[in-house]
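Report on the following structure.
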Amino acid sequence: MSTYSQDDEHDPQADELRETALVTLEALVSSCSQQMQPYLSNTIKSALKSLKYDPNVAETEDDEEMGGTQDDGSDDEVDLGDDEFEDFEEEGGYSDIDDMSWKVRRCAAKLLYSVISTYGRGRALDDASLYQQIAPALIARFNKEREESVKLEVVSTMTALVRKTSEGAVIITSGGFLEAVGGSKNSRKRRRQDSDASMIDFEPSIGTSSAAGSPVIAPSSPKAGPQADLARSVPTIVQSLVKMWKQASVPLKQAIIVLLKSLALVRYGGLADHLQQIQDPIADALKVSSFSGSSSASTGAAVSAGTLQIETLSLIAAIAETHTSDALLPFLTALIPGVINAVNDRNYKVSSEALGAVEQIVKSLTPPRVSSNPQNLAAKLEELYNVVLARITDTSADLEVRQRAIHVFGVLLARTSGEKGTGFLSLDLRSKGLSVLVDRLKNETTRFSAVRAVDDVAILCGRQEDVSATWVGEVTSELGAQLRKSDRALRGASLEALRSLSMNPNTRTHYDEKTMKELEDCLLPLISAEDFHLLSPSLIILAKIIPGNAGLLVHEGLVTAICSIVTSSLVGTVLKALLLLVKVIGEQGAGAELMKKLLRDVGINGDTSVVGRAIGTLLVHGGPKLDVKMEDFLAELQTAQDAQRKCLSLAILGEIGLRMGANCSLTPDLFITHFSSKSDKVRLAAATALGNAAAGNVKIYLPIVLGGLEKSNPQSYLLLHSVKELLQHPEVVRPDVAPSAIKLWQALVVVSDEEDNRAVGAECVGRLALIDPVAYIPHFQEYLSNRDPVIRGVVISAFRYTLTDSSDAYNDVLRPLIVPLLVNMLSDRDLGNHRLALTTLNSAIHNKMDIILPHLGELLPAVLGDTQIKPELIREVQMGPFKHKVDDGLELRKSAYETLYASLDTAFSRAHVSEFFDRILAGIDDEQDIRTICNLMTSKLIPLTPEDTQRYLDALSERYTTVLSFKPKDNAVKQELEKAQEASMGILKVTRELSKAFPNAEASGDHHKWKSYMEWVRKTFAVQLKSLETDF
């Protein structure tokens, strides 16, 4: 290519050769990214040189580097000339004017696109100079390029380059626009968390509403690197795109819109200074009539016009969410009429996307994004209110459109509540809107969306006046009725809405006796151990409405329901919700009947730890009316011969010690004496009770527990369980544990050296670290350099445990430390610790993705290496007269593949698809457990990277044929036969998925092996394929 590029004379055959060479390079870069790494620099140079190749235009090198500063008129003239000769081009023959050099430039742009897409962060684009090479060349072609198809490829390549710069920073928007920068779109994220789940008195927090948008952050301004270069290039890019828009075709306009959207998201507010420039092109794109006005318009043009509108509306939504309201007001004011027209569009996809834009516009024009209330905002919001309401009530509209309109309506009503709300939406409109939601609740097709909308309104209701008692009563009645429906998603959403109504004091105050009684009657059937997802919210709702209404709500039916669930083993939030309800019943003086039933009807028949905690909670908060005292259970503990009765008494006394704290007369010896019991259950119950009581009185209990935490102490295992229970209440014990924390840390590490103690000891170390992350998380790095592999293993397990914590304080501490910690862990030579490190990274990908995403390039290459079979880990074992091979590295490889599977959703995997597929192909030849994970990976990659997956069909078919052709020996045992059958069915299942995803692959002629394989499979495994069709 370099030789031909020097030719001064325009040779059509040379153009064809250049084009072929560029296409070949593109295929090599896409298919063999690893092998092409040494040639990347020369590839980019050739592509950049070919991108400027235009023999009909004489330019100096200096002009080329100016980034497109030619006179506007010259571009227009060239464009017209190019169009004049377009027909002549098709007739064949070359001339001085009619050349095919544009194909070379187009292929060069495609090659650059492949380079950018294939090589991820940590490789090509880590070098800022590379970005500086590619970006100016692309920007220069924006205005210099005459050929439409080349412009389209150049804009697409620039979009890929812009998106690639975002891989260093996670961009999460509540509207789910992460997909524009390489993530996945979430329709509606709803996170429910306990505000302080560790407190003794559990107090659940109200849910997170989709109407509560994320605060807009100022765009970052890095001083160096690709992001800094992009920030400096934005003005030039926007100016060039606006200029290009004037004579662009529909596909090119759509590509421009996609590039602007990527800029809006990657620079997060970086278009604020250019909104007025892009306002006219966006308004132009929203005008359907300019594209599909004539009946003779081709179907392709009509489709392009629709997709252009959809992308434009998505751009408006992205800008509305990522820019400050002050910058947005004039921009949105000009575009709202166009968006309203799009909402009424007959194309349901356009209408639905327009409603998504309306949602983001509403969020940007309402508190807390807007502090004051400019006069024209109320009028604009009323316009939006009216158009959304019209779509909801239009029975001829598509169901998806109506459902999304209801969601947007809920957001509008929720965001305009509170003291400032009336300035944005009048009380009359609000009242009318709330009644519309009630009507939609009663409609079978729209009730699910209406339930979610009611939930949004309930969560953000800022004043009692925002809703009426009548509305709350009607809504509660309808939501209660939905709990009896068979649709699980509807029941779950209805219960969450009822939970929000009961937890917000502004809505709860409107409950009257009739409403509360109806609500309780609907909830009682859900108070069972059959479904914990519905049980927890039900208990919380009852705990919120019983105060002040115990006489009405606490009756035999409720008591019986509570007694029925304590027979099951409850943990976590469900247990805390139960204890909260029991506490409330006790405080209201209505616990006598419950205590009687718990002791008489349940007692030792239930889960003693759950029953004991419930009785202990009721005893402390129930007052003197219960006719039961702590001394009764002390006597029971001393006299009972039955292990179950001892366990129950210990659990009750432990809970009493926790809740009474320093006022409790119980001593540690009371529990420790039972460590020597003959019953394992009693010993463990005593340890748990000791930890519970210790959390209530740390100063007295902790020194005694610490004294027993010695390696030589046979009771150290039980004391570890006590420490675990103690640390279950970090907010309560933090001040008193702090003085002894270092001593406790050291004792835990020492005791955990014993094999039986490691799992519990690691959990205790992790819990202790979370009590004060700033002080203790850095200690992990010190212990990872310890010579003892057992201690390193305990620390790795402890760190993995801490990753489930989602507090901001912990995340701030973790951010600079997590990557060095993980790198250190992954370099551990001990096989067991190395596997623990892989599972820790897997946990980090699931729980701390926003922190480690920019650094996956440092972490995952080691994981890819661990997926390889290591001969040094395979040993021969003599079993009688036979020799059997044992692969000690199998579990390590399995963990590595599981980690790769967890990382598939990240941009790293899409930038290293070829390496992932190499490991998948190798894994298919591996053991069955690994083959199963590889099949799952392939299934996941089908929608994520369809083009790359299709490229590997032939290679996959070879591996699949080998597996399906395997025949067990005649004397094979049942287990081997089942294993072979499982392997075949797994391969057939993924084969079916691939065949459905790429129906044209067999007919295209590019995949001969895949075609032959599919013919063989359909002929040989017809019965199995038919059974798969039936099952799925």
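Residue numbers (the numbering used here): 48 to 1079. Just so you know, even glycine gets a beta-carbon here, dropped at the ideal spot from N, CA and C. Bear in mind that the values here come from a model prediction, so they are computed numbers and not experimental data.
Could you compute how far the alpha carbon of residue i sits from the alpha carbon of residue j?
i, j, result
"residue 64", "residue 73", "14 Å"
"residue 1060", "residue 61", "40 Å"
"residue 801", "residue 983", "38 Å"
"residue 234", "residue 454", "Bear in mind that a pLDDT of 36 at residue 234, under 50, signals an unreliable position, so the number given afterwards is only what the model happens to contain. So the two alpha carbons sit approximately 12 Å from each other."
"residue 624", "residue 536", "22 Å"
"residue 975", "residue 867", "34 Å"
"residue 272", "residue 208", "13 Å"
"residue 916", "residue 294", "58 Å"
"residue 1071", "residue 1031", "9 Å"
"residue 367", "residue 500", "21 Å"
"residue 594", "residue 967", "58 Å"
"residue 203", "residue 71", "20 Å"
"residue 630", "residue 665", "6 Å"
"residue 599", "residue 567", "10 Å"
"residue 571", "residue 603", "11 Å"
"residue 806", "residue 825", "21 Å"
"residue 274", "residue 443", "47 Å"
"residue 1062", "residue 1048", "13 Å"
"residue 684", "residue 782", "32 Å"
"residue 659", "residue 700", "8 Å"
"residue 996", "residue 1004", "12 Å"
Find out if the Cβ-Cβ distance for the pair residue i, residue j is shorter than 8 Å.
i, j, result
"residue 819", "residue 785", "yes"
"residue 413", "residue 462", "yes"
"residue 199", "residue 87", "no"
"residue 732", "residue 697", "yes"
"residue 652", "residue 614", "yes"
"residue 880", "residue 936", "no"
"residue 663", "residue 703", "yes"
"residue 605", "residue 661", "no"
"residue 795", "residue 811", "yes"
"residue 584", "residue 521", "no"
"residue 95", "residue 156", "no"
Can you list, in chain order, the residues of its chain with a C-beta nearer than 6 Å to that of residue i? Leave out the 5 residues immediately preceding and following it.
i, result
"residue 728", "690, 694"
"residue 426", "none"
"residue 386", "401, 404"
"residue 656", "698"
"residue 137", "Low confidence applies here, because residue 137 scores a pLDDT of 42, under 50, leaving its location unreliable; read the following figure in that light. Excluding positions up to five away in sequence, the list is empty."
"residue 1043", "none"
"residue 726", "690"
In its own chain, which residues sit with a C-beta less than 7 Å from the C-beta of residue i, not counting the 5 before and 5 after it?
i, result
"residue 752", "741, 766, 769, 770"
"residue 843", "872, 880, 883, 884, 887"
"residue 903", "950, 953, 955"
"residue 505", "544, 547, 548, 551, 554"
"residue 354", "301"
Looking only at its own chain, which residues have a Cβ that is under 8 Å from the Cβ of residue i, when we skip the five neighbours before and after it?
i, result
"residue 636", "597, 669, 670, 672"
"residue 882", "938, 939, 942"
"residue 524", "562, 565"
"residue 654", "613, 614, 615, 616, 617"
"residue 398", "389, 390, 391, 392, 438, 444, 445, 448"
Within 8 Å (strictly less), CB to CB, does residue i reach chain C?
i, result
"residue 454", "You won't find chain C in this structure, because it holds only one protein chain."
* Asked: Counting Cβ pairs, one atom from each stretch, are 3 or more of them under 8 Å apart for the stretch 459-469 and the stretch 506-519?
  -> Short answer: they touch.
* Asked: If we count Cβ pairs, one from each stretch, closer than 8 Å, do we get three or more for the stretch 1014-1022 versus the stretch 983-995?
  -> No: fewer than three Cβ pairs fall under 8 Å.
* Asked: Between the stretch 276-295 and the stretch 575-586, do three or more beta carbon pairs fall short of 8 Å?
  -> No, because fewer than three Cβ pairs between the stretch 276-295 and the stretch 575-586 fall closer than 8 Å, the two stretches do not touch.
* **Touching by the beta-carbon criterion (3+ pairs, under 8 Å), the stretch 923-932 and the stretch 940-960** => Cβ pair count under 8 Å is below three, so no.
* Asked: Going along the chain, which unbroken runs of the beta strand (DSSP E) with 3 or more residues stay wholly within the stretch 1009-1062?
  -> Counting only runs of 3+ residues, no beta strand (DSSP E) is found wholly inside the stretch 1009-1062.
* Minimum length 4: unbroken alpha helix (DSSP H) runs contained in the stretch 700-769 -> The stretch 700-769 contains these whole alpha helix (DSSP H) runs: 715-719, 727-743, 745-755.
* Asked: At what residue ranges does the stretch 508-576 contain a whole run of the alpha helix (DSSP H), taking only runs of 4 or more?
  -> The qualifying runs are 516-529, 535-550, 552-555, 560-570.
* Asked: At which residue ranges does the stretch 269-295 contain complete alpha helix (DSSP H) runs of 4 or more residues, listed in the order of the chain?
  -> Fully enclosed alpha helix (DSSP H) runs of 4 or longer: 273-292.
* To do: Answer yes if the stretch 427-441 comes into contact with the stretch 476-494, meaning at least three C-beta pairs across the two stretches below 8 Å, and no otherwise.
  => The answer is yes - the stretch 427-441 touches the stretch 476-494, with three or more Cβ pairs under 8 Å.
* Asked: Counting Cβ pairs closer than 8 Å, one from the stretch 905-923 and one from the stretch 952-966, do we hit at least three?
  -> In short, these stretches touch, since the Cβ pair count reaches three.
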